[in-house]
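Novice: Under this note's numbering, the first residue of the sequence shown is numbered 798, with each subsequent residue one higher.
Every residue gets a Cβ at the ideal spot worked out from N, C-alpha and C, and that includes glycine.
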Amino acid sequence: MMISKIKILALLSVFALTSCSNNDEVVFIDGDDGEVITPTPTDPVPPGETTAETLREKAAWKVGAAVTVGHIRDDAQYDKALSENFSQLTAEYEMKMNRIWTSSSTYNWTETDALVQYAEDNDMEVHGHTLVWYNSFPDWFKNANYDSTAFENNIKRYITDVVTRYKGRIKSWDVANEVFADGGGNRQEGTILPVFNDPIAFYGRCFQYARDADPDAILFYNDYSVVLDSGKRAAMKSMATRFKNEGYPIDGLGDQFHYREATSKETIKSGFEDMVSTGLLMHISELDIRMNTNQSDSYTFTDAEATKQAATYKFIVEMFEAIPDNQKFAITTWGVTDKYTWLTGWWHPKEYPLLFDAEYNKKKAYEGFLDGIK
Ligand code: XIL
């Protein structure tokens, strides 16, 4: 059984370790009333303490989860699992542009404010997701058909207003999300790409607008399949190099890590090492491990499947732990519980990708993650 480092320190401050007798029995004296407590060999933990170490206690970096305000409010078990085990949160959708920017002259801060407050009340940090993503522009903006100047002036105003509002409270932002196409080159989307002759320079200025609004905020580029797709990774790295050469700020890179159990671990590892070679902060930003690879209606998440999934989580966390300490930003799972995962809608109703099962039991995947932490 293990007690966390934090709990050991807490215990040491409450209990004075006074003597070790000949048979190595450890005796604690409770600092408050002098009562002698002698733990038995089978129960070495003083009364009231639990032996289970949590992810947030063990990791020297942030362990995040994507969350929604509604689940925090309506599901007490969700709130408990989240606050006890994670040290950072990302809004699953409440901080996307179409949620906040309700019209050209109005913002809806209600849900974002609530999430930031919740994080502070529970000693968690907030990772902002995401300022500029082609897929979350509000309809009113898209319908305005702005020219490049009006488009950028509006985006500059949005970034400035959002980042300024949460200055010092939202510690990090995904400034840009999913800029590149699978295989490399710019993503062929109809919102940003057609407006700018040089869209990468536009994104560089977006990073600068965020930096100007909160110089202390840590700024990320985020995308999916980065470690698997060498073409996309090369495009991302060359953007980071260009930003460096041209003076645009960027602090870190995120790979979403929506991977399958069967995804090649060798490929993940070598791709990740290539990301790490940039020297930037690393964020495994939307981790979930799909098990029902064939999208089969008869799939069963057996104990053997749970064991395989745990090994994959452990592998990913160990891989992250192996990089230089000063490049470790966070690992964020895209959700808390299999009860609510975007994959049951988007992938298959029988999907079990996260660390807690639908009844809020810690899965083997949780233990795998925990074991992977140094
Ligand atoms: C997804 C959320 O999980 C869904 O709830 C929402 O309806 C759509 O967006 N890449 C991203 C995330 O960067 O923002 C996406 O989140 C998942 C894929």
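(1) Go ahead and label T837 buried or exposed: buried means 16 or more other beta carbons lie within 10 angstroms of its beta carbon, across all protein chains shown.
(2) Just how far apart, CA to CA, sit I869 and P996?
(3) Can you list, in chain order, the residues of its chain with a C-beta nearer than 8 Å to that of E917? Leave out the 5 residues immediately preceding and following it.
(4) Compare the C-alpha of L1050 against each of K1171, A1127, V913 and name the closest.
(5) Could you give the uninterrupted runs of the beta strand (DSSP E) lying entirely in the stretch 1053 to 1122, keeping only those of 3 residues or more?
(6) By the three-class DSSP mapping on this structure, what secondary structure does L1151 have?
(7) Which first and last residues belong to the alpha helix (DSSP H) in which K1034 is found?
(8) Only counting the same chain, and skipping five residues up and downstream in sequence, which positions put a Cβ closer than 6 Å to that of E1102?
(9) Quick check on DSSP: helix, strand or coil for S1249?
(10) What is the DSSP secondary structure of V842, reduced to helix, strand or coil?
(11) Under DSSP, the beta strand (DSSP E) around M915 begins and ends at which residues?
(12) M1116 to K1066, Cα distance in whole Å?
(13) Quick one: what's got a C-beta closer than 6 Å to G1132's C-beta in the same chain, skipping five residues either side?
(14) CB-CB under 8 Å to F1040, same chain, minus the five flanking residues each way: which ones, in chain order?
(15) Ignore the nearest five residues each way along the sequence and tell me which others in N819's own chain have a CB closer than 8 Å to its CB.
(16) List the DSSP bridge partners of L745.
(17) Can P935 and W898 be called in contact, C-beta distance under 8 Å?
(18) Does the beta-carbon distance from K968 to E922 come in below 8 Å?
(19) On the DSSP bridge assignment, give the partners of A973 in chain order.
(20) Can you check whether the C-beta of Y1045 is within less than 8 Å of a C-beta belonging to chain C?
(21) Classify R853 as buried or exposed, calling it buried when 16 or more other Cβ atoms lie within 10 Å of its own Cβ.
(22) CA-CA distance, Y890 and R896?
(23) CB-CB under 6 Å to A1059, same chain, minus the five flanking residues each way: which ones, in chain order?
(24) How should G1142 be labelled, buried or exposed, when 16 other C-beta atoms within 10 angstroms of its C-beta is the threshold for buried?
(25) In the structure shown, what three-state DSSP assignment does N983 receive?
(26) Please work out which residues of its chain come closer than 7 Å, Cβ to Cβ, to Y1006, disregarding the five sequence neighbours upstream and downstream, and give them in chain order.
(27) For the beta strand (DSSP E) containing V864, list its first residue and its last residue.
(28) Give every residue of the same chain whose Cβ lies closer than 6 Å to the Cβ of T839, excluding the five residues on either side of it in the sequence, and list them in chain order.
Specialist: Quick answer:
(1) Caution is warranted here: a pLDDT of 42 is assigned to T837, below 50, making its placement in the model unreliable, and the coordinate value is therefore given only provisionally. By the 10 Å Cβ count, T837 comes out exposed.
(2) I869 and P996: Cα-Cα distance of roughly 38 Å.
(3) When the five nearest sequence neighbours on each side are left out, the beta carbons in the same chain lying within less than 8 Å of the beta carbon of E917 are those of R966, in order along the chain.
(4) Per the Cα distances, A1127.
(5) Correct list: 1055 to 1057, 1078 to 1087.
(6) In the structure shown, L1151 adopts coil according to DSSP, grouped into three states.
(7) Counting along the chain, the unbroken alpha helix (DSSP H) around K1034 starts and ends at 1027 to 1043.
(8) Spatial neighbours of E1102 in its own chain (CB-CB distance under 6 Å, excluding positions within 5 residues in sequence) are listed in chain order as M1088.
(9) Outside the modelled stretch of the chain, which goes from 798 to 1171, sits residue 1249, for which no answer is possible.
(10) With a pLDDT of 49 at V842, under the threshold of 50, the modelled position of this residue cannot be trusted; read the value that follows with caution. Here V842 sits in coil by DSSP.
(11) Position check: residue 915 holds Tyr in this sequence, whereas Met was assumed. Counted as a single uninterrupted DSSP element, the stretch harbouring Y915 is not any beta strand (DSSP E) but the alpha helix (DSSP H) occupying residues 907 to 918.
(12) Answer to the nearest angstrom: the Cα atoms are 7 Å apart.
(13) Cβ neighbours of G1132 beyond the five flanking positions: A863, T1138, L1151.
(14) Scanning its chain for C-beta atoms nearer than 8 Å, with the 5 sequence neighbours on each side dropped, one finds around F1040 the residues G1001, F1004, P1046, I1047, in chain order.
(15) Its pLDDT being 33, under 50, N819 is placed unreliably in this model, and the value from its coordinates should be taken loosely. The beta carbon of N819 is closer than 8 Å to none in its chain, skipping five residues each way along the sequence.
(16) With the chain covering 798 to 1171 only, the question about residue 745 has no answer from this structure.
(17) Yes, the pair counts as a contact, with Cβ atoms nearer than the cut-off.
(18) In this structure, K968 sits near E922, with a CB-CB distance shorter than 8 Å.
(19) In the DSSP assignment, A973 forms a beta bridge with V929, Y1018.
(20) Although the question refers to chain C, the structure presented lacks it and comprises just one protein chain.
(21) R853 comes out buried.
(22) If you take the alpha carbons of Y890 and R896, they lie about 7 Å apart.
(23) Closer than 6 Å at Cβ, skipping near neighbours: T1090.
(24) By the neighbour-count rule (16 or more Cβ atoms within 10 Å), G1142 is not buried but exposed.
(25) Residue state for N983 is assigned as strand, using DSSP reduced to three classes.
(26) So the list reads K953, I956, T957, once near-sequence residues are dropped.
(27) According to the DSSP assignment, V864 belongs to the beta strand (DSSP E) that extends over 859 to 864.
(28) Caution applies to T839, whose pLDDT of 43 falls short of 50 and renders its modelled position unreliable; the value that the coordinates give is listed next. For T839, where only same-chain residues beyond five positions count, there are no Cβ hits under 6 Å.
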